[in-house]
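Chemist: In the working numbering, the protein residues as written are 57 to 868.
Backbone N, C-alpha and C fix where the C-beta goes; we use that ideal spot for every residue, glycine too.
So this is what it looks like as structure tokens:
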């Protein structure tokens with residue numbers, strides 16, 4: 057090759073690289089890299105936001121080094137011990153009550169704090185654009201949402217309980233966060249000196265007292281030892297507060313699983329595409345070498361192609377990742393603060409570096425064979441002998457994967473399960489085609505089945521990939537559909553849609569009379585008393601169950617009630633209602649705690665011990681929206697303990713004025729309009745369904761790309777065989793029918809296997825995960841095989857013309 061020719065080759069090196077990519081040999085590489093970058097970018101960006109909100113805030117999320125929490129007033133000994141050690145301290149009393157403006161009303165979470173709150177972190181309050189960080193007497197600060205919901209502005213007057221307040225300003229940012237969307241009511245801050253005049257705290261009211269402390273570890277331990285905890289009390293610090301971000305941890309784990317699946321599928325696509333590229337370019341590289349092209353020049357040519365692909369994938373992947381991160385955090389919109397902290401450039405760097413790590417073996421191993429091909433291959437094809445040390449490149453992404461997901465057991469369990477499932481689906485599919493080959497079919501189907509069964513390994517991989525991708529899509533869709541339909545089916549048309557809580561004994565009759573006079577259908581009024589399960593058969597409850605049961609009845613204070621009989625809408629399973637000294641237990645709680653008839657239970661209520669005998673066990677349908685309880689006592693057990701009352705009722709749109717008047721006449725009663733909560737639930741469900749559908753779509757795209765690549769390779773490998781059929785005289789019509797028969801069988805078998813697997817998995821999820829009725833989805837048995845056939849049809853149709861060229865024409 058002359059010097060001039062070498063200069064010309066160098067001049068056109070970039071143009072050749074672009075042309076090589078544009079011809080369609082390497083576009084799946086760019087798509088696969090884009091998917092990898094987008095998925096990792098979205099996950100790491102969301103995780104970075106969560107980390108800044110929760111982890112990096114550390115103790116500021118608690119507003120102190122340690123927090124004492126109780127449903128009872130702060131004990132004197134704790135206050136005295138704090139003053140003795142001269143520790144910085146602050147306190148909060150938190151309760152729910154109705155807020156009234158001239159135009160609207162809203163159930164709010166009132167936080168009564170002193171002037172020292174918060175000890176750590178920052179409370180940002182805005183008054184006419186001026187920032188304030190402390191609450192003073194005769195002030196009221198409202199969550200931003202309340203200004204729209206109550207239709208008020210700064211300086212307006214609203215009512216909390218029995219007291220009127222002038223709105224001082226807006227709550228811009230709170231130091232502590234609550235991550236339960238159904239408990240996260242809009243906040244209102246007042247000073248503790250104004251607490252009593254609200255009249256909202258009475259005997260039996262649901263109140264949370266918090267006492268915040270800062271100091272050394274030794275000082276805090278000394279304080280904790282000076283206070284004897286009751287079942288209603290607890291200490292919280294940075295370590296014990298891990299349950300606070302459980303929602304985020306589970307969400308991140310689920311996202312990590314999806315990203316891992318996408319990365320594995322896309323990485324497999326990279327490997328297969330590069331192998332196909334190498335197999336089609338051996339003669340090209342050999343001819344270039346025979347014309348004088350050096351090994352270094354070829355390396356530069358291939359690196360330019362890889363660089364173009366990586367650059368395009370990085371730009372598109374980051375843009376797609378930004379949009380994907382936004383869509384994935386939609387279900388957490390009510391949980392995350394506003395504005396959100398920025399995630400910076402870290403997600404982009406992590407995503408791009410990860411894709412490079414994956415591309416190193418995916419591109420490096422097959423392309424090293426291409427670089428080492430001999431010029432002799434241009435005339436006489438030879439086996440390319442490569443250096444086996446190149447396979448150590450596989451350790452690069454594997455090491456990164458181990459580091460990234462080392463603590464995510466769910467990822468490794470599910471990925472292992474997917475590998476097993478892949479193999480099972482492949483084996484079942486191949487077995488089905490072998491059985492089908494014995495059936496009396498026409499010549500095209502016989503030839504197609506013969507071709508499938510001759511290459512069992514290749515066919516099994518194709519079957520497994522197609523069936524697994526289709527099954528994952530079906531599972532995602534069926535779980536979504538079944539959950540939504542169950543919600544709509546199990547919510548009765550006449551279910552109560554409003555609850556009145558915190559009704560004081562002296563106003564109970566008046567409140568109920570108003571409902572009855574207006575013909576409002578209501579439940580009985582149930583007394584509500586907060587307490588904990590303390591002992592079972594004179595043994596500490598947690599020790600009795602082994603300390604490993606995460607039962608809602610043991611982990612927190614719950615609502616108790618007493619009655620002359622169990623509710624008519626509960627089903628008695630065991631025992632009988634007794635008039636004295638007894639308690640009726642909900643069946644699931646009885647199972648979790650191992651309770652039987654005759655067991656003696658001890659409870660701690662308002663620091664007062666109470667005992668009762670298990671006389672009956674009943675089934676409760678929680679989804680009927682009626683007042684239900686874990687424990688219902690006989691009246692003699694709790695009649696001496698102060699209680700407030702709860703009643704549920706059903707209202708229509710025309711009753712809105714009545715609700716407004718009722719709340720104004722009884723301002724300390726908390727009214728929960730389930731119509732609003734139901735809309736909130738539906739909104740959250742829709743957002744979560746959207747996120748799940750989005751994640752499923754991302755996995756399906758990666759799976760479809762993998763399937764397309766597998767089938768493309770399969771058809772490419774069969775090109776010589778099909779062309780030989782044509783050369784030997786097989787008609788174009790016969791060959792086309794055989795190809796469609798083969799891939800039609802593949803689509804039908806993979807679709808049927810996928811549907812069967814999806815039905816089994818969804819049945820297990822519905823039965824043991826959600827305790828719902830199992831049902832068959834008949835339409836899916838038609839839709840999924842049809843979808844599989846259409847996917848295969850796109851691949852076949854895109855390549856069939858080139859495959860039908862006879863060998864003598866192909867080389868003429």
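(1) Taking residue 129 as the reference, give the member of 148, 368, 139 with the closest Cα.
(2) Find the nearest neighbour of residue 812 within the set 216, 180, 531, 410, judged by alpha-carbon distance.
(3) Measure the alpha-carbon distance for residue 160 versus residue 570 and round it to whole angstroms.
(4) Would you kindly work out how many angstroms separate the C-alpha atoms of residue 97 and residue 91, rounded to a whole number?
(5) Measuring only the C-alpha atoms, how far is residue 490 from residue 801?
(6) Once DSSP output is grouped into helix, strand and coil, what is the label at residue 701?
(7) Residues in its own chain within less than 6 Å of residue 169 by CB, not counting five upstream and five downstream?
(8) Does the distance from the CB of residue 164 to the CB of residue 151 come in under 7 Å?
(9) Applying the criterion that 16 or more other CB atoms from any shown protein chain within 10 Å of the CB defines a buried residue, is residue 224 buried or exposed?
(10) Taking residue 729 and residue 554 to be in contact with their CB atoms under 8 Å, please state how far apart those CB atoms are, rounded to whole angstroms.
(11) Compare the C-alpha of residue 643 against each of 652, 637, 636 and name the closest.
(12) Whose C-beta lies closer than 8 Å to the C-beta of residue 74 among residues of the same chain, with five residues either side of it excluded?
(13) Is the Cβ-Cβ distance between residue 275 and residue 175 less than 7 Å?
(14) State the DSSP-derived secondary structure class of residue 301, mapped to helix, strand or coil.
(15) Could you spell out the range, first to last residue, of the alpha helix (DSSP H) harbouring residue 796?
(16) Kindly give me the distance between the Cβ atoms of residue 614 and residue 700, rounded to whole angstroms, as I take these residues to be in contact under 8 Å.
(17) Let me confirm a value: residue 841 is counted as buried when at least 16 other C-beta atoms fall within 10 Å, else exposed. Which label applies?
(18) Does residue 371 pass the burial test, meaning 16 or more other C-beta atoms within 10 Å, or should it be called exposed?
(19) Would you mind working out which of 242, 219, 222, 218 sits nearest residue 229, comparing C-alpha positions?
(20) What beta strand (DSSP E) runs, 3 residues minimum, are completely inside the region 572–607?
(21) Given a threshold of 16 other Cβ atoms within 10 Å of its Cβ, counted over all protein chains shown, does residue 234 qualify as buried or as exposed?
(22) Considering only their Cβ atoms, is the gap separating residue 403 from residue 100 smaller than 7 Å?
(23) For the alpha helix (DSSP H) containing residue 667, name the first residue and the last one.
(24) Which whole-angstrom value is the C-beta distance of residue 592 and residue 600, which I expect to be below 8 Å?
(25) Under a Cβ-count criterion, where at least 16 other Cβ atoms within 10 Å of its own Cβ denotes burial, should residue 455 be classed as buried or exposed?
(26) According to the Cβ coordinates, are residue 589 and residue 566 closer than 7 Å?
(27) Can you list, in chain order, the residues of its chain with a C-beta nearer than 8 Å to that of residue 719? Leave out the 5 residues immediately preceding and following it.
(28) What's the C-alpha gap between residue 493 and residue 505?
(29) Using the C-alpha atoms, what's the distance from residue 478 back to residue 671?
(30) Measure the alpha-carbon distance for residue 72 versus residue 520 and round it to whole angstroms.
(31) Just tell me which of 353, 698, 797, 412 has its CA closest to the CA of residue 500.
(32) Just to confirm, are residue 619 and residue 703 a CB contact at a threshold of 7 Å?
(33) Determine, using beta carbons only, whether residue 341 and residue 429 come nearer to each other than 7 Å.
(34) Figure out for me which residue from 193, 810, 337, 698 has the closest Cα to the Cα of residue 424.
(35) Could you give the DSSP three-state label for residue 617: helix, strand or coil?
Modeler: According to the data block:
(1) When only C-alpha atoms are compared, the closest one is 148.
(2) When each option's Cα is compared against that of residue 812, the closest is 531.
(3) Near 20 Å, if we compare the C-alpha coordinates of residue 570 and residue 160.
(4) Going from the Cα of residue 97 to the Cα of residue 91 covers about 10 Å.
(5) Rounded to the nearest whole angstrom, the C-alpha separation of residue 490 and residue 801 is 12 Å.
(6) In the structure shown, residue 701 falls within a strand segment according to DSSP collapsed to helix, strand and coil.
(7) Correct list, in chain order: 148, 191.
(8) No, the Cβ-Cβ distance between residue 164 and residue 151 is not below 7 Å.
(9) It counts as buried.
(10) Contact between residue 729 and residue 554 holds, with the beta-carbon distance rounding to 5 Å and staying under 8 Å.
(11) When only C-alpha atoms are compared, the closest one is 652.
(12) 364.
(13) The criterion of a C-beta distance shorter than 7 Å is not satisfied by residue 275 and residue 175.
(14) With a pLDDT of only 45 at residue 301, under the threshold of 50, the placement of this residue in the model should not be trusted; the figure read from the coordinates follows. Three-state result, residue 301: helix.
(15) Note, residue 796: alpha helix (DSSP H), 788–820.
(16) Contact doesn't hold; Cβ gap of about 15 Å is too wide.
(17) By the Cβ neighbour-count rule, residue 841 is buried, with 16 or more other Cβ atoms within 10 Å of its own.
(18) Residue 371 is exposed by the Cβ-count criterion.
(19) For residue 229, the closest of 242, 219, 222, 218 by C-alpha to C-alpha distance is 242.
(20) Within the region 572–607, the complete beta strand (DSSP E) runs of at least 3 residues fall at 582–592.
(21) Low per-residue confidence applies at residue 234: pLDDT is 41, beneath 50, and the placement is therefore not dependable, though the value from the model is reported in the following sentence. Around the beta carbon of residue 234, a 10 Å sphere encloses fewer than 16 other beta carbons of the protein chains shown; the residue is thus reported as exposed.
(22) Yes, the pair counts as a contact, with Cβ atoms nearer than the cut-off.
(23) No alpha helix (DSSP H) holds residue 667; the beta strand (DSSP E) holding it covers 664–675.
(24) Between residue 592 and residue 600 a beta carbon distance of about 4 Å is seen, short of the 8 Å cut, so the two are scored as contacting.
(25) Under this definition residue 455 is an exposed residue.
(26) Not a contact, by the Cβ cut-off of 7 Å.
(27) So the list reads 154, 156, 161, 725, 727, once near-sequence residues are dropped.
(28) When rounded, the distance between both Cα atoms is 6 Å.
(29) If you take the alpha carbons of residue 671 and residue 478, they lie about 51 Å apart.
(30) Cα to Cα, the separation comes out at about 37 Å.
(31) Measuring from the Cα of residue 500, the nearest candidate turns out to be 797.
(32) Result no, Cβ atoms of residue 619 and residue 703 do not sit closer than 7 Å.
(33) Between residue 341 and residue 429, the CB-CB gap stays under 7 Å.
(34) Ranking the options by Cα distance to residue 424, first place goes to 337.
(35) The three-state reading of DSSP puts residue 617 in strand, counting E and B together.
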